[in-house]
Structure formats: C-alpha cells, structure tokens
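Student: Got a structure for you, written out below as structure tokens; questions coming shortly.
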Amino acid sequence: DIMIRQDIDNGGAGTLILLAGLGGGAGVGWLLADRYGIDAGAAHSTTIGLLAGAANGALLIEPTKSYDAEDVIALIFAGSAIGAGGGFAYGQAADLTAGQATFLGNAVLLGTATSALTAIATSRDGEFGNKENGTLALGLDIGLIGGALIAPKLDWSPKRSKQIFAASMIGLLVGGALPGIVTKKEDGEDYDGDLIAGCMTAGMWGGFALGIVLTGDQPPDPTFGTKAKSQPSGVKATLTP
2 DIMIRQDIDN
12 GGAGTLILLA
22 GLGGGAGVGW
32 LLADRYGIDA
42 GAAHSTTIGL
52 LAGAANGALL
62 IEPTKSYDAE
72 DVIALIFAGS
82 AIGAGGGFAY
92 GQAADLTAGQ
102 ATFLGNAVLL
112 GTATSALTAI
122 ATSRDGEFGN
132 KENGTLALGL
142 DIGLIGGALI
152 APKLDWSPKR
162 SKQIFAASMI
172 GLLVGGALPG
182 IVTKKEDGED
192 YDGDLIAGCM
202 TAGMWGGFAL
212 GIVLTGDQPP
222 DPTFGTKAKS
232 QPSGVKATLT
242 P
C-alpha cells in the first residue's frame, strides 16, 4: 500500500519497505504469541479471519467503484487487518479446539461456495455485477458467522473435522464432474452451466453430511470443555508426564 501510494519505483527502496513490513508483522505476531496462550484453534481462527477479511475487502471493490490500484490495495489491506484482529479476538474469547477451528473453515467454504455457485446459476447476462457480488458476500459472511456460533458447541476431534472437510471438497469435485460423465454432448454444444453449478452445490453439501454420518462413531475431542478450566487466559502451563 505504501509503495503504491508513494509511487516507489526504486528497487532498493521497495525491497526495504517490503522487508520492513514483513519484519513488523513477524514482530507483532511474536509479541502476541508470547503474551497470549496461542494454540492451534486460536491460530486457525486468526488465519480464517484474515482470509475472510481480505475477501470482504475485495468484494467492496465493485459497489464502491474503487478500481484504482491504491484503492484496491487499501480495501484488501483494511479488510485483512480487521479480519485478522477479529479472528484473533474471537479465538481468544471462544478458546476453540483445533477441530472446532477446522469446522469454522469448513463453514466458510460451504457458505462461500454455495453463494458463488448460486450466483453463477442465477446470472443471465454473463456479467459480474452488484447482484453476484452481494450474493457472494452474503454467503461468505453467513458461513463465517454461522460457523463461529456453532463451532464452540462441537466436540469433533481434529481428525474428524479434517475428514469432514475433505468429504466436502471431494463432494464438490465429484458433483462438478458428474454432469460431464452422465451427459452426452453434441459437437459444438456447451455443457449446461446451471446444471454443473447445481450438482457441485449438492455434491458439496452431500459430502459434508456423509462425512458427519461416516465419522459419527469417532470419539470426541478429549480437550472439549476442559480448556477453559485448565488455566487462566494468558498464563502458560507446564505439563509433566
């Protein structure tokens, strides 16, 4: 953002600014990790917040008509900063396990992919406009908020959450490939985009549901419900075998 706004065209100066940004981010990350009890759940929620914030910032480009490079970068940077800060605060407050954090990422995927495929299926002009942009933002944020509300109540182990996440992705891919396998296409004829989008959506949700059913006999996460009682926030504990 600084390099674009200050119109830096000197390679040495640009490299120093970039390294300063990397060093500053690493320093802030180290200080936060040293000050607070950062585990896998808190780290994952921060990363998810960062990515969701960047995506929301990017989705503001179309409605605000911010097409200049400095405005685009500023929106993405602001969204990333807000998202990372919010994700970090949420991770500290919710005290998520690694399995719960993986579910949160899965919820964001489900909401975003569903809205994106819905926008594709309902678009009639072939253009990406405010309707498609709003649909995508709505799905992303519903998945994020819904996942954040549900995640603390789940006792899924990290292994189970990863398997369900993988089942959702496999269902998405299988759903996208299925129309091409079962549908005969004449020479010069295009595949039905609406059918493909619908099959991908159904496959993704079907894979998610099937993953939950197939992993239902796995034991719950042993850390579920015990993390908040084990130690005060910000205090590091040493465990002796």
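Taking this note's numbering, the leading residue of the sequence shown gets 2, the next gets one more, and so forth. C-beta atoms are modelled at their ideal positions from N, C-alpha and C, and glycine is treated no differently.
Hey, out of G217, D218, N134, N107, whose CA is closest to A117's CA?
Tutor: Comparing Cα positions, the closest option is N134.
Student: Given a threshold of 16 other Cβ atoms within 10 Å of its Cβ, counted over all protein chains shown, does L137 qualify as buried or as exposed?
Tutor: Looking at its Cβ environment, which holds 16 or more other Cβ atoms inside 10 Å, L137 is buried.
Student: Tell me whether the beta-carbon of A53 lies closer than 8 Å to the beta-carbon of L145.
Tutor: Yes; because the gap between Cβ atoms is below 8 Å, this pair is in contact.
Student: For L76, I'd like the list of residues in its chain whose CB is within less than 8 Å of its CB, leaving aside the five on either flank, ordered along the chain.
Tutor: Around L76: G58, A59, L61, I62, T65, S67.
Student: E128 CB to nearest chain B CB: under 8 Å?
Tutor: Looking at the structure shown, chain B is missing, and only one protein chain is on hand.
Student: As an exercise, report each continuous alpha helix (DSSP H) stretch of at least 4 residues that is fully enclosed by the stretch 3-47, in chain order.
Tutor: The stretch 3-47 contains these whole alpha helix (DSSP H) runs: 3-6, 12-36.
Student: Here's the rule: buried if 16 or more other CB atoms are within 10 angstroms of the residue's CB, otherwise exposed. What is K230?
Tutor: Residue placement at K230 is poorly supported in this model, since its pLDDT is 45, which falls under 50; the coordinates are not used for a value here.
Student: Can you name, in chain order, every residue of its own chain whose Cβ lies under 6 Å from the Cβ of L173, other than the five neighbours on each side?
Tutor: Result list for L173: M201, G204, M205, in chain order.
Student: Identify the continuous alpha helix (DSSP H) that holds T103 and give its terminal residues.
Tutor: Run containing T103: 99-123, per the alpha helix (DSSP H) assignment.
Student: If we ignore side chains and look at the alpha-carbon of each, how far apart do L19 and G13 end up?
Tutor: Answer to the nearest angstrom: the Cα atoms are 10 Å apart.
Student: G87: which of E128, T48, N107 sits nearest, CA to CA?
Tutor: Cα-wise, what sits closest to G87 is T48.
Student: Is the separation between the beta-carbon of G30 and that of A99 shorter than 8 Å?
Tutor: No.
Student: Measure the beta-carbon distance from G92 to S46 and round it to whole angstroms, keeping in mind my assumption that it falls under 8 Å.
Tutor: At roughly 4 Å, the Cβ-Cβ gap stays under 8 Å, so G92 and S46 are in contact.
Student: Extract the residue ranges of the alpha helix (DSSP H) inside the stretch 142-224, only unbroken runs of 4 or more that lie entirely within it.
Tutor: For the stretch 142-224, whole alpha helix (DSSP H) runs of length 4 or above, ordered along the chain, are 159-183, 194-215.
Student: By Cβ distance, which residues of its chain are closer than 7 Å to A1, with the 5 residues on each side in sequence left out?
Tutor: Given a span of 2 to 242 for the chain in the structure shown, any question on residue 1 remains unanswerable.
Student: Which whole-angstrom value is the C-beta distance of G130 and G112, which I expect to be below 8 Å?
Tutor: Contact doesn't hold; Cβ gap of about 20 Å is too wide.
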